[in-house]
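There are 2 protein chains.
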Amino acid sequence: MESSSATSGGSTRREATRQKLYEAAVTLIAEQGFSATTVDEIAERAGVAKGTVYYNFASKSVLFEELLRHGVGLLTASLREAAERTARDGGTKVDALDAMIRAGLVFIERYPAFTQLYVAELWRTNRAWQSTLMVVRQQAVAVVEDVLRAGVAGGEFSDEIDVPLTASALVGMVLVAALDWQSFQPERSLDDVHAALSRLLQGRVSGRSAG
Amino acid sequence: MESSSATSGGSTRREATRQKLYEAAVTLIAEQGFSATTVDEIAERAGVAKGTVYYNFASKSVLFEELLRHGVGLLTASLREAAERTARDGGTKVDALDAMIRAGLVFIERYPAFTQLYVAELWRTNRAWQSTLMVVRQQAVAVVEDVLRAGVAGGEFSDEIDVPLTASALVGMVLVAALDWQSFQPERSLDDVHAALSRLLQGRVSGRSAG
DNA sequence: GTTTTTGCACTGACCAGTCAGTTCAAATAC
DNA sequence: GTATTTGAACTGACTGGTCAGTGCAAAAAC
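For the record, the sequence lines run as chains B and U.
So the mapping is simple: the numbering used here equals the position in the first sequence, first residue as 1, plus 56.
So the mapping is simple: the numbering used here equals the position in the second sequence, first residue as 1, plus 56.
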């Protein structure tokens, strides 16, 4: 007899509790930062006792590290999927980048708190989860780099572009534009924001209106 | 009788102490975050007594807020200067943006810790210095927006571009690329990084090498 | 003689992590 | 089907330590 509602691996109740803790932690840490967020707050928002946090995670930092891994996993999967879908549909590499921009925006719209938290921690040094963060960052940027490299190999992009730097710049463009969108003009539609970034990507900023 | 090394206004000795405290605080907070940085640490790194911190600043948060204002003041001055210099030399608005990108890179190369700290705090909510941060952010982005608007008015840029969003995206592009440069490939030259970003700005990513 | 800095002891709040005890659902016994 | 056992999951009061901010007398700088 199996348990009534099995998730993939791991006992159901425990998994549900961990999920609640992730959700509570991500918003609190995004708002206040890691150090300013107390374990008591996380427990309270998740609706569990403090002891439960320590039953499920070795420490506050471990909870945070697993949260990071979890979130970036979702993002890279989504980016990769966007790139592959475009390739299957016979699109160019610019189309792939454009699709990835959209996938990035969709992700940020869905998980704004996670994105905030990620940006806030990414360039810090001297932190316990530094190495976790490096690994996880590289996974995400690598997806963009791969598309750029394929584009250079296929002659679609200039072979003079600097792949890692251009990838960083593209990620930064989307990240900052999206966070500003969420923070300062949340009423705008995703399509709107996507259109503006597309234009920038395709160098259609200079030059008069298409009229 | 002028003091030997006058900064604008304020008694010299006091100003020197405050400067030491800014420098100590900025690196520590960039590395560890605001909450994880103690006043004792700041005092120790600055080489002054803890009491001196409180003689010069009302509280830890006030020290931080003034630090923010100070740093962003330097940045906006530098951006504005770059834009104006280009205008005087009869450059286009793209030239102005390019000069501002360079000014941004120079700033980040000179004050990497401040930049880190700024990014880490910018999209947080529920923090005491939230409003300070908003004001100060707007000052910096506004300089870029002004150039974009002037370019649209003069017909150099498409009137379909979204000025605030494009400004955000450009700032993000430079910010993230530069932070990655500093963190992960610090051996590269500023010119190198600038060239890569210039290329992206001018839409010279697509298309074969100029050979 | 006024301003600024020092050094250091002290307070009170806050917080990560612990642990002895409780809950409860499923398994086993009858 | 009812009673009993088991153990994973959870609880929340408690502890030991940390830290922002204070108070103040004496020294140093100007």
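Even glycine gets a Cβ: it sits at the ideal position worked out from N, Cα and C.
Item to check | Of the listed residues 121(B), 114(B), 148(B), nearest to residue 213(B) (C-alpha basis) | outcome: 148(B)
Checklist entry - Where does the unbroken alpha helix (DSSP H) through residue 112(B) begin, and where does it stop? => result 106-112
Item to check | CB contact check: residue 185(U) to chain B, cutoff 8 Å | outcome: no
Item to check | Near-chain B residues of the region 216-227 of chain U (beta-carbon distance less than 7 Å), N- to C-terminal order | outcome: 216, 217, 218, 221, 222, 224, 225, 227
Next on the checklist: Using a 10 Å radius around the Cβ and a threshold of 16 neighbouring Cβ atoms, would you call residue 247(B) buried or exposed?
Outcome noted: It is exposed - the Cβ of residue 247(B) has fewer than 16 other Cβ atoms within 10 Å.
Next on the checklist: Less than 6 Å between C-beta atoms, sequence neighbours within five positions excluded: which residues of the same chain meet that for residue 113(U)?
Outcome noted: Cβ within range, chain order: 119.
Item to check | the region 100-108 of chain U touching the region 127-142 of chain U, judged by at least three CB pairs closer than 8 Å | outcome: no
Checklist entry - Three or more beta-carbon pairs under 8 Å between the region 225-239 of chain B and the region 166-176 of chain B, yes or no? => result yes
Checklist entry - Thinking C-alpha only, which one of 189(B), 256(B), 191(B), 181(B) is nearest residue 238(U)? => result 181(B)
Next on the checklist: Is it buried or exposed, residue 89(B), if we count other Cβ atoms within 10 angstroms and call 16 or more buried?
Outcome noted: buried
Checklist entry - If you run the structure through DSSP and keep just helix, strand and coil, what is residue 213(U)? => result strand
Checklist entry - Do we get a CB-CB distance below 8 Å when we pair residue 189(U) with the residues of chain B? => result So no, residue 189(U) is outside the interface.
Item to check | Residues from the region 81-105 of chain U in contact with chain B, defined by Cβ distance under 8 Å | outcome: Residues passing the 8 Å Cβ filter: 86, 87, 88, 89, 90, 91, 92.
Item to check | Element boundaries [alpha helix (DSSP H), containing residue 220(B)] | outcome: Counting along the chain, residue 220(B) sits inside the alpha helix (DSSP H) bounded by residues 219-240.
Checklist entry - Could you give the distance in angstroms between the alpha-carbon of residue 146(U) and the alpha-carbon of residue 250(U)? => result Going by C-alpha positions, residue 146(U) is about 21 Å away from residue 250(U).
Next on the checklist: Which same chain residues end up closer than 8 Å to residue 136(U) when comparing Cβ atoms and leaving out the 5 residues on each side of it in sequence?
Outcome noted: Taken in chain order, the residues that qualify are 199.
Checklist entry - Any idea what DSSP makes of residue 91(U), helix, strand or coil? => result coil
Checklist entry - Expressed to the nearest angstrom, what Euclidean distance is found between the alpha-carbon atoms of residue 108(B) and residue 215(U)? => result 56 Å
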